[in-house]
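Protein chains: 6
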Amino acid sequence: MHIRIINPVITTSWAEDSQRTYANAANPGTQVSVVSLDWGTASIESYRDDALATPGILHRIVQAETEGVDAVIIDCMADPGLHAGRELVRIPVVGPAQSSMHLAAILGHRFSVLSTSDRDVPWVEDQVNRYGLSQQLASVRAINIPVLSLADDPEATIQALIVAAEQAVREDGAHVLIPGCTGLAGLASRIQEALATQGYDVVVLDPPSVAMKLAESLVFLGYAHSKRTYPAPPVKEIRWPF
Amino acid sequence: MHIRIINPVITTSWAEDSQRTYANAANPGTQVSVVSLDWGTASIESYRDDALATPGILHRIVQAETEGVDAVIIDCMADPGLHAGRELVRIPVVGPAQSSMHLAAILGHRFSVLSTSDRDVPWVEDQVNRYGLSQQLASVRAINIPVLSLADDPEATIQALIVAAEQAVREDGAHVLIPGCTGLAGLASRIQEALATQGYDVVVLDPPSVAMKLAESLVFLGYAHSKRTYPAPPVKEIRWPF
Amino acid sequence: MHIRIINPVITTSWAEDSQRTYANAANPGTQVSVVSLDWGTASIESYRDDALATPGILHRIVQAETEGVDAVIIDCMADPGLHAGRELVRIPVVGPAQSSMHLAAILGHRFSVLSTSDRDVPWVEDQVNRYGLSQQLASVRAINIPVLSLADDPEATIQALIVAAEQAVREDGAHVLIPGCTGLAGLASRIQEALATQGYDVVVLDPPSVAMKLAESLVFLGYAHSKRTYPAPPVKEIRWPF
Amino acid sequence: MHIRIINPVITTSWAEDSQRTYANAANPGTQVSVVSLDWGTASIESYRDDALATPGILHRIVQAETEGVDAVIIDCMADPGLHAGRELVRIPVVGPAQSSMHLAAILGHRFSVLSTSDRDVPWVEDQVNRYGLSQQLASVRAINIPVLSLADDPEATIQALIVAAEQAVREDGAHVLIPGCTGLAGLASRIQEALATQGYDVVVLDPPSVAMKLAESLVFLGYAHSKRTYPAPPVKEIRWPF
Amino acid sequence: MHIRIINPVITTSWAEDSQRTYANAANPGTQVSVVSLDWGTASIESYRDDALATPGILHRIVQAETEGVDAVIIDCMADPGLHAGRELVRIPVVGPAQSSMHLAAILGHRFSVLSTSDRDVPWVEDQVNRYGLSQQLASVRAINIPVLSLADDPEATIQALIVAAEQAVREDGAHVLIPGCTGLAGLASRIQEALATQGYDVVVLDPPSVAMKLAESLVFLGYAHSKRTYPAPPVKEIRWPF
Amino acid sequence: MHIRIINPVITTSWAEDSQRTYANAANPGTQVSVVSLDWGTASIESYRDDALATPGILHRIVQAETEGVDAVIIDCMADPGLHAGRELVRIPVVGPAQSSMHLAAILGHRFSVLSTSDRDVPWVEDQVNRYGLSQQLASVRAINIPVLSLADDPEATIQALIVAAEQAVREDGAHVLIPGCTGLAGLASRIQEALATQGYDVVVLDPPSVAMKLAESLVFLGYAHSKRTYPAPPVKEIRWPF
């Protein structure tokens, strides 16, 4: 089984980390490959970034199916290009946010998303609404560290996440927590342990891992998105530079 | 007052019609100009089309503000680029679908959207949900004529719309109707009259006209979208061919 | 175009202010006239007041249509008589609350209403629910100054509004604000500027202005409420003192 | 215990029937009295009728409390004046629609309302939404017999109700049925029996009876509406002909 | 009329209190009898307790109908066995939580539940959602005193309830309050008085009393749950120790 | 990895089929074991059956954890004992309905459940509501073949499923289908193929397979339900025959 990870930015320095993150979550026999974009933005933190990333993501999704890849994961909590990409292929296209939010709804009463910036709050609330899970959302809490600075001081990042997570549990009634950026991959267990120390017995999900298990499960079972929801676009003239 | 209409496709043959449609709905002193896209698709009928149109739309929106235009209307019922475009400028960015759906909710109990294709149904339902108006939606009914064929046999198109509208009123409880494609501009009054003849005293909106009045109203009052919902994107590296 | 403003109270001293407020928001060629009630209450701050105002409002609405007026605005954020009035006429009947709440939903993620009294909170929440916009409501915050005292110390009123607005933005997540009484007409820009000074880049609507632009737009486009939602009442015996 | 029934119309011929209907549902020791209105309409079938009835209803509600009556029932499925009336008194004010809809939600999965006219459909849907029970509503079905003609051919009325009820159960999934006009009082058991004959084991409520038991229960337990929801209106000038 | 109270635990010491509580709320001619369980738990504070109580409750419900009892009340705010029990009999089966929550929705804008433990919060929120009343729920607030310790220091219990109630009203917007355990029966009026002293004019319900009046009303009117919602289970093999 | 399947009935003849079904969906290294109940019912088709099954299921869940099993699947679409079982253990407890419904929501716009009996309809609608997915539910359609007769004429069963599925897609707008009984395991692909032949390009899930992949994924990632949602019950006296 071959799962393709699309790093939906022009920042290629993350590719190696992504490779390791996703390979760790994969079954022994699963092949993991990572590609980045030729055109797009350095990170995805706005509707604008999402819009500029999506054409390149679509290209990578079609390419993956052509190459015989079994499923695609878009490595970003905005799930950019998820709907459009599903129109173009029959292999599963998986978003870490959609996968994690539904798993959170399965595992507990309400979940909170720990996002990187206050500006994400309306955006994530809309996303949860689109996925039909508003009733299960406890809150969106931001740590206000830009995506491109998350790795500058990893300890500061994780401490900020723990503070936000603790507030989400104590004040907002969160029972499951979702780090709201795949740049936070691998920190879930540290947050969960810190909360356990404070007496909060909650679950913190690692969205890339959740996405990987969903992608593998879909391939194993021969499932993909419903083509009745995501039919192939009508044939028409397209003019595009790449 | 200068309102810029963005025809969000590479099909320039519609520009003249758009100019006339929007000018008819404008106040005497309002200047109307229409621009099309350099890159994109011939029509917008899928998430893929929407994704390929948006970068070009964003370019046109920024260009409009730079040129001193007072407001922008994106001439498509998908409202493509509405959220991303609002991040980039302070002048109002108006979508015909969002404007018409809210006006429909003001004028009657429930509204139906008359879309061009069955494949739009899930898509329009999601759009209505994103705009927070699911409670007011009676139904989405399709006439199943491709966007690029709507003008081939105008009489067949309008008859199909009347049939779908009548079903929406009688079977689904619609009290207000919205043609779901700006390519149907100008047909609203014909549909409304036909339904009146059948004893259905309903309102059929013309989305371009609604969008024009909203754009003028916002400019007159000095209003635009809240920048707290649509803050400017963080500065970052962008690599883009155009 | 002639727009009739119904000042739905027996307090005639507000009529001149209303005339000026609405005329300021009108297009150059629009005629604005204001009428008050013969029977009713001095202000509308309860369901009781609403009930006693409505018969007189209905009378004024029918009178307006008979006189050839093009549209009617009921100058009160309770939108008293909106539904009943629409049953009686074919000209548009516009409520400042309904217009402003839908515009707020168009312009930003969530809105708050700044009401005059804590007793309005359940009432406004019910109103927002009736208009189908509960999902977009951030909060209702009260300044607790009686309607009839709003003008006693204008500066105190505006300072109280700014405090409530700031709390709505910071604590409740409001991105658009609506003063919840037409007696607060004209203060919107002062509140918006004060919030901007504090770093909150939000929109504050002036409901009478919003209602005026909607009324003009409806008349321009030849639209009114759907008579399928608001059919004429069956003919029957009525006994009434005025 | 003394329960006052307000027949909220100027049609006094119904008073005797109302007296009998409510007395039949009352406990042995309960005194039942019926009053009609001096001003208002012959029946309540529109927002206009509701508006013209409410001032007279408020007068009757205050009068009842002054006379030492223990609770008031407004004998109409529009529950006219329910909210305004509760502001003015501390004794319970009960509406047959509100009582019956909540009881229906207790007794089964979904309920349908059998209304007299198609024009009631949006109106009843709004009412159910105001009472917070939209999730439990299966449908509103109309028999299209005017309120003032319900008694012209009683057998035709009941047969129309049975047909509508059967459709509501079979097509809409109703498990409990509510006749949507107090002019249909006493017919519930006939409808229920007819449906049982057809193999539909459902419950049909008689709203006046439900309202009577709720009123008695509230008086017995010393409960009334929360004055925090329905505070007394502020004192102010009122000008009113009666 | 004979109403059977099922004390759904193995703790028989509460039976006498229950007898008195329910008899106090009953009409003069109503006979009240109380039975406890042979198998189950000492109290119901978890899904596990609910599961172990339900088989015994079902036994008691069938027994009651066989004995000619007119209606059954399950004396616990978890309403354990409510749905399953209704499948097995035609006499009304009443739950204090379901009855009280619907009455709370009738009497005021929003209600809060005062539960015994923080662990009940997700559980009660789910219950309110199942009853279709989430829109009317202000909050669930816990006093964190175990059910089996509520009577250890009655004054401490009531003071904790008053504090929680006051917070629910002031911070969460509750207008009606429901003690969330039938072990708190009889304390409602004390809480209401204490809040009145603090200036909060709200209603505090006593769920057993509400359940008794509902049971009596249903018997009086000849109503029960809809058998279309709660049909008798298909006949099949059952293996069970008691 | 060892996954325990609880066949939550006293019918042991299904155990072998269950073993095969779940083993087919398992990864190579996963051990699958099946246990049935000592006490309970022959099938689960009512709230009563669910109530009688749950105590035995809880016993099997605790037993599984004690024996070192890694996760438990309750092999029934009622997910009986899911919430109570999660209170008692820290290993994942998985329900086929909850897993499948969330996966359906991930893969398409709306899903329908194909249940065995009309009597399940209210029950499944309530279940979907409890899982927070009502917005994604297209319909519940029944084939009206008792659970214990599903295997009597397998071809008739599958034809009935295909008819119901086709109606769900064409009339109700379903894009994903879920067979509503684990006794229908293994038929999903046949239904999907039949619908594809009719031109309906939808996904039909096999709930046991979905549950198995979720259980394996949770064990692999070290996740389980949040103990803040499902805390261990307080220690108390329990009297129970087995």
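Chains as they are written, first to last, in this note's numbering: chain L, 8 to 249; chain Y, 8 to 249; chain Z, 8 to 249; chain F, 8 to 249; chain C, 8 to 249; chain D, 8 to 249. The beta carbon of each residue, even a glycine, is placed where N, CA and C say it ideally should be.
**Item:** chain D residues whose Cβ lies nearer than 9 Å to that of P129(Y)
**Value:** Neighbours of P129(Y) on chain D, chain order: G115, H116, R117, G180 and H182.
**Item:** Cβ-based contacts, 8 Å cut-off: residues of the region 21 to 35 of chain Y near chain Z
**Value:** Residues A32 and N34.
**Request:** Kindly indicate if chain E contains any beta-carbon less than 7 Å away from that of T236(D).
**Result:** Of the protein chains in this structure, namely L, Y, Z, F, C and D, none is chain E.
**Asked** So P103(F) is in the alpha helix (DSSP H); what residue range does that whole segment cover?
**Response** Annotation: the continuous alpha helix (DSSP H) that includes P103(F) extends over P103 to L114.
**Request:** Could you check which residue in V209(Z), E244(Z) and F249(Z) has the C-alpha nearest to that of T48(F)?
**Result:** Ranking V209(Z), E244(Z) and F249(Z) by Cα distance to T48(F) puts E244(Z) first.
**Message:** Is it the case that the region 178 to 194 of chain C contacts the region 114 to 124 of chain C, given that we only count it when at least three CB pairs across the two stretches are under 8 Å?
**Reply:** In short, these stretches touch, since the Cβ pair count reaches three.
**Message:** If distances are taken between C-alpha atoms only, which option among P161(F), S141(F) and D127(F) comes closest to N151(F)?
**Reply:** Answer by Cα proximity: D127(F).
**Asked** If you count every other CB in all the chains shown that lies within 10 Å of the CB of Q250(Y), and 16 or more means buried, which is it?
**Response** Chain Y is shown only over 8 to 249; residue 250(Y) falls outside these bounds and no answer can be derived.
**Prompt:** Taking the beta strand (DSSP E) that S119(D) falls in, what are its first and last residues?
**Reply:** Taken as a continuous stretch (DSSP letters only), the beta strand (DSSP E) holding S119(D) covers F118 to S122.
**Length at least 3, wholly inside the region 175 to 206 of chain F: the beta strand (DSSP E) runs in chain order** = Whole beta strand (DSSP E) segments, 3+ residues: 183 to 186.
**Request:** Check each candidate in A71(L), A78(L) and P15(L) and name the one with the smallest Cα separation from A222(L).
**Result:** Each of A71(L), A78(L) and P15(L) was checked against the Cα of A222(L), and the nearest Cα belongs to A78(L).
**Message:** Going by C-alpha to C-alpha distance, which of V39(L), E74(L), C83(L) and S40(L) sits closest to A60(L)?
**Reply:** Taking only the C-alpha atoms, the option nearest A60(L) is C83(L).
**Asked** What are the boundary residues of the beta strand (DSSP E) that A149(Z) is part of?
**Response** Note, A149(Z): beta strand (DSSP E), L144 to A149.
**Prompt:** So who's on the other strand from A78(F), going by DSSP bridges?
**Reply:** The partner list for A78(F) (beta bridge, DSSP) reads I10(F).
**Asked** Taking the alpha-carbon positions, what's the L114(D) to T164(D) distance?
**Response** Taking the CA atoms as reference points, L114(D) sits about 26 Å from T164(D).
**Prompt:** Do R97(Y) and A218(Y) have their C-beta atoms within less than 7 Å of each other?
**Reply:** No.
**Request:** Would you list the one or two residues that DSSP bridges to G36(L)?
**Result:** Its beta-bridge partners do not exist; DSSP assigns none.
**Request:** Check the C-beta distance from T73(C) over to P215(C) and give it rounded, since I have them as a contact under 8 Å.
**Result:** With 8 Å as the limit, T73(C) and P215(C) do not qualify as a contact, their Cβ atoms being about 24 Å apart.
**Asked** Which residue comes first and which comes last in the alpha helix (DSSP H) that contains M219(D)?
**Response** M219(D) -> alpha helix (DSSP H) spans P214 to L228.
**Message:** Please return the same chain residues whose Cβ sits closer than 6 Å to the Cβ of Y207(C), not counting the five positions on each side in sequence.
**Reply:** Around Y207(C), the same chain offers V176 as residues with beta carbons nearer than 6 Å, after the five sequence neighbours per side are excluded.
**Asked** Given that I17(F) touches chain Z, what residues does it touch there, using C-beta distances under 9 Å?
**Response** Neighbours of I17(F) on chain Z, chain order: E244, I245 and R246.
**Request:** Classify P35(L) as buried or exposed, calling it buried when 16 or more other Cβ atoms lie within 10 Å of its own Cβ.
**Result:** Answer is exposed; the Cβ neighbour count stays below 16.
**Prompt:** Using DSSP with H/G/I as helix, E/B as strand and the rest coil, what is G63(Z)?
**Reply:** Three-state DSSP puts G63(Z) in a helix.
**Message:** Here's the rule: buried if 16 or more other CB atoms are within 10 angstroms of the residue's CB, otherwise exposed. What is S20(Z)?
**Reply:** With fewer than 16 other Cβ atoms within 10 Å, it is exposed.
**Prompt:** With a Cβ-Cβ cutoff of 7 Å, do G92(D) and L110(D) count as a contact?
**Reply:** For G92(D) and L110(D), no; Cβs fall outside 7 Å.
**Prompt:** So is A112(Y) in contact with chain Z if we call contact Cβ pairs under 7 Å?
**Reply:** Interface residue, yes.
**Message:** Does chain F have any CB closer than 7 Å to the CB of G206(C)?
**Reply:** No, no contact with chain F.
**Message:** Against L140(L), what residues of chain D qualify as contacts under a CB-to-CB distance less than 7 Å, listed in chain order?
**Reply:** Those are G139, listed as they occur along chain D.
**Message:** Tell me which residues share the same chain as I51(Z) and place their Cβ nearer than 8 Å to its Cβ, disregarding the 5 neighbours each side in the sequence.
**Reply:** Apart from the 5 residues on each side of it in sequence, I51(Z) sits with its Cβ closer than 8 Å to the Cβ of P15, V16, D57, A60, C83, A85, P87 and V154 in its chain, given in chain order.
**Asked** Is P248(Z) buried or exposed, if buried means 16 or more other CB atoms sit within 10 Å of its CB?
**Response** Flag for P248(Z) reads exposed.
**Message:** My output table needs one value for G47(D): the three-state DSSP class, helix, strand or coil.
**Reply:** In the structure shown, G47(D) sits in a strand (DSSP, three-state: E or B).
**Prompt:** How would you call A203(C), buried or exposed, if buried means at least 16 neighbouring beta carbons within 10 angstroms?
**Reply:** The residue in question, A203(C), is exposed, as its Cβ has fewer than 16 Cβ neighbours within 10 Å.
**Asked** How would you label S53(C), buried or exposed, when you count the other beta carbons within 10 angstroms and need 16 or more for buried?
**Response** Buried is the call here.
**Asked** What are the partner residues of R246(F), as DSSP defines its beta bridges?
**Response** Beta-bridge pairing links R246(F) to G47(Z).
**Beta carbon proximity, L194(C) to chain F, threshold 7 Å** = For L194(C), the answer is no, since every Cβ of chain F falls outside 7 Å of its Cβ.
**Item:** Endpoints, the alpha helix (DSSP H) within which P129(D) is located
**Value:** That run of the alpha helix (DSSP H) goes D127 to R137.
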